[in-house]
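Following: one structure in structure tokens, then a few remarks.
Chains as they are written, first to last, in the UniProt record's numbering: chain A, 1 to 265; chain B, 1 to 265; chain C, 1 to 265; chain D, 1 to 265.
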């Protein structure tokens, strides 16, 4: 179980959210409270939008709590839209390429969850990638493949919501075909630098936590509230998607994992 | 172009070959002479057989020339059969999983060469892996896939020579089908802890260098002779394979890249 | 608060103690039970005696729980005397040079404890180092300075017990002179490859934990018992020193921090 | 021999100088031309001023030529004043703390050169640090000590030029007292975020190279010109100091290593 946060709003120094508060993401890297393992020390990552359409990416392998580079960068960089993630590996190697967020072109993605018995359907999911995205895989995580499958659909013209729905249906369908009963759980955020999508869903009723705080000019998503007193934070309801655009209210809609009819046939 | 060495014979301290001589592998990591880039600073790796059938593996990302752990380990470990490799990355990321040697079970493999235009046939080669080996890929190099394809054939009953021949034929055939004219070059060593195979071949006449030194109770292969005066080192002829077994003379046979008849049909 | 273990006896594979048991050192790196922070993820180290008088050293910055190199090395190396340490940094940087064990020549040392308000007496303690040892400091920890001060006394002819006593008296004296009231706590092991000394003491009554397990041909010291059921493990009494030599029973004697008379004058 | 660059002028993206040109600093990390070892692969560092008075610092251990984080950061960060450095270690460990630039408060410093036989006067120079700066040393390089000695003088009221002069005199004096005949060579840059000082001097006539390029609104210093054709780049004369302030012409004055009269007495 990883911990993450996503910020979308008025530009702020990254450190305000990542380092400074009393249950900041760095604090959560060592003392997460709402998951079985409280330690998220298997690398971290940062993706932020600046003056370019493509985001900056900074991922490294030391625990976030002791990385001087991370602290210094967060003290200098101001951004209107950034993702940060601390990782607790569950089987795959600790490498930069396995750290979230993942990026491609303008897109940024991070994920907290699980694809039950993933190795049994890994091959099938990778085979579903178009050539152009097959070759850019850098790591070995299920999360990266989920991201690339989503991108493939967006590039083919789907909306991001539609793409995410379609990918989760494909995954669930593959799991069912393989006889996998372990759950599919998916709490994730996606952005193209202008809009941010946050999803919290699962095929059982236990999607990983995701909290939301709305400020006058910003929305923050986080695995756990960034302040111990949790004031103003509310859980994103399970089976829902939140969409954030600059200058608009957050739009929250139902979002479920459904299996496409072709596989039910 | 990477640099590597393989030792098979009476147990020696690793440092004798990796650190001590005047053109040791560590020296070659900074001052290689027989390749375009003299610097091999994108990680290194060590695989050695000890008292177990499976080898030990130590791979890291700092340049070999400055890694204290590597020096200390080489000063302590004595082995009758080990591989060591310093990497010059050509496009893929610097990560432990992309460092040679690769290992699986009793097997150890390292490679210096190129598969021309690899991204165009990567998908096809990975698809040729059996499920059991598909899932254990850790990195993104062509070398790892060549190793796993070879293992698949050995597990299916081929001899290692036959497996290597068959894999290179598959690769060359895939390249031809994709219209790739860039060369396939393959200088590599493989071992199961009892026998070592060293191959030097290419589809053009420019396989990467490989030298051999025969001592009374040992054989050493290296990309460049480990001593400046090069006494006793001889180039392994191109298009050949050398087979080393304990207590026997090295056997050298022709070894060429051939395209299977099915593709010529 | 770090966690460590020291083994002295019949040669064993390192993994037997470092990786395999249900509360092995690697398990303690993520789930320590007898200290405030259960996470020891700020680097680790290994020192082991092999066929040479000087020990091998392997120290790295990733958490011990996820380092493949550490696991592979431990699966291959057999040693009659080794130290292993997982670090929870308390203020100083995460760097290899700050990881325990420290070594110099034949000597190996590791430490779990604190020198209260160390920055206020750091200069004075470093000034007490002889030239030859002043220059070999690599890191910035108090532990390394304690080790070098001890070595200086041993090189000058003191017994190791005498040297440790003298160093702790110097430190306590310096603390008193600086008006420091924070405690001095010292749980440590020292070896020259033939004899191992284990100390547990403090100027208050709260020295860090140290447990001991005696086997027919070996003695193990560890911050926490290596098995959950703790059978056979006993706490080393506080204010004591244990001395292990091959073929002899462990000798345990009182060992206290005393302030030399000169400073009382 | 390291390679470095310093930029002071209109804000630019770091990548323009660090990554993009045909002999950019990253290119120099692998193919330096004006020094004995062309490889500067023992870590790198970046210090940049943003919206705060204190600079950001990013230092890491992989070679600059293959670090994705460095490239991504340089593609996003725009700064009016930054230092970048690629290191070729000469005896001291590869650690973040030994990478340039060094920073403290508003100050930034980097150095290319040597203090002949430094270990013989290290103790004396460190003893010359005031308490407040003695404790913040993080690494083991001569460069960091030169920086802190300079800061001590600036904090005591000297001008930066005066402080640098005084420190080099102290060092040269210490070398002479110790009977050291190896040279003192010092090519360095220093900044407080508003003014930048660049020095090139030596006690013999072989100070490390430093080139300067003046643009309408900027000045760049670099160990080697950043473009192969070198147009517009001029060597900073040896034994001189250049001072850059926003909106003013660069002021170049003589700057020599002199030994204070007290030591000549």
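We put the beta carbon where it would ideally sit given N, CA and C, even for glycine.
- From the beta-carbon of residue 119(A), the residues of chain B found nearer than 8 Å are 135.
- Under the DSSP assignment, residue 7(D) falls in the beta strand (DSSP E) whose first and last residues are 3-13.
- Close to chain C, meaning a Cβ-Cβ distance shorter than 7 Å, are the following residues of the region 35-46 of chain A: 39, 41 and 42.
- Apart from the 5 residues on each side of it in sequence, residue 15(C) sits with its Cβ closer than 6 Å to the Cβ of 74 and 75 in its chain, given in chain order.
- Ranked by Cα distance from residue 155(A), the first of 241(A), 248(A), 104(A) and 6(A) is 104(A).
- Under DSSP, residue 211(A) shares a beta bridge with 222(A) and 235(A).
- Rounded to whole angstroms, the separation of the alpha carbons of residue 212(B) and residue 139(B) is 30 Å.
- Residue 199(B) and residue 72(C) have their alpha carbons spaced roughly 27 Å apart.
- Our two residues, residue 32(C) and residue 2(B), have alpha carbons roughly 42 Å apart in a direct line.
- Between the C-alpha atoms of residue 131(C) and residue 124(D) there is a straight-line separation of about 10 Å.
- Taking 7 Å as the upper bound on Cβ-Cβ separation, chain C lies near residues 96 and 97 of the region 96-107 of chain D.
- Residue 150(B) has its alpha-carbon roughly 6 Å from the corresponding atom of residue 164(B).
- One Cα belongs to residue 142(A), the other to residue 80(B), and the distance between them is close to 40 Å.
- DSSP places residue 69(A) in the uninterrupted alpha helix (DSSP H) bounded by 68-76.
- DSSP places residue 38(D) outside both helix and strand once states are collapsed to three, so it counts as coil.
- For residue 255(A), there is no enclosing alpha helix (DSSP H), as DSSP marks it with neither H nor E.
- With respect to the C-alpha of residue 26(D), the residue from 194(D), 65(D) and 54(D) having the closest C-alpha is 65(D).
- Legend: CB atoms of the region 52-73 of chain A lying less than 9 Å from CB atoms of chain C belong to residues 61, 62, 63, 65, 66, 67 and 68.
- Interface with chain D (8 Å Cβ-Cβ cutoff): residue 75(A) is included.
- Residues of chain C with a Cβ closer than 9 Å to the Cβ of residue 139(B) do not exist, since the nearest Cβ in that chain sits about 12 Å away.
- Under the 8 Å Cβ criterion, the region 174-183 of chain A does not count as touching the region 209-227 of chain A, having fewer than three qualifying pairs.
- Taken atom to atom, the span from the alpha-carbon of residue 220(B) to that of residue 98(C) is near 38 Å.
- Residue 110(D) counts as buried, since at least 16 other C-beta atoms from the protein chains shown sit within 10 angstroms of its C-beta.
- Shown here, residue 57(B) sits in a strand according to DSSP, grouped into three states.
- Contact annotation: the region 165-174 of chain B touches the region 246-258 of chain B, with at least three C-beta pairs closer than 8 Å.
- About 4 Å separates the Cβ atoms of residue 29(C) and residue 86(C), confirming a contact at the 8 Å cut-off.
- In terms of CA proximity to residue 242(B), 160(B) leads the group 160(B), 182(B), 170(B) and 92(B).
- Residues of chain A whose Cβ lies closer than 7 Å to the Cβ of residue 50(D) are, in chain order, 76.
- For the pair residue 82(D) and residue 84(C), the Cα-to-Cα distance works out to about 41 Å.
- Ranked by Cα distance from residue 113(C), the options 246(C), 10(C), 195(C) and 189(C) are led by 189(C).
- Around the beta carbon of residue 183(A), 16 or more other beta carbons sit within 10 angstroms, so the residue counts as buried.
- Residue environment for residue 205(A): exposed (fewer than 16 other C-beta atoms within 10 angstroms of its C-beta).
- Per DSSP, reduced to three states, the secondary structure at residue 31(A) is helical.
- In the DSSP secondary-structure assignment, residue 82(B) is bridged to 7(B) and 48(B).
- Between the alpha carbons of residue 101(D) and residue 49(D) lies a distance of about 12 Å.
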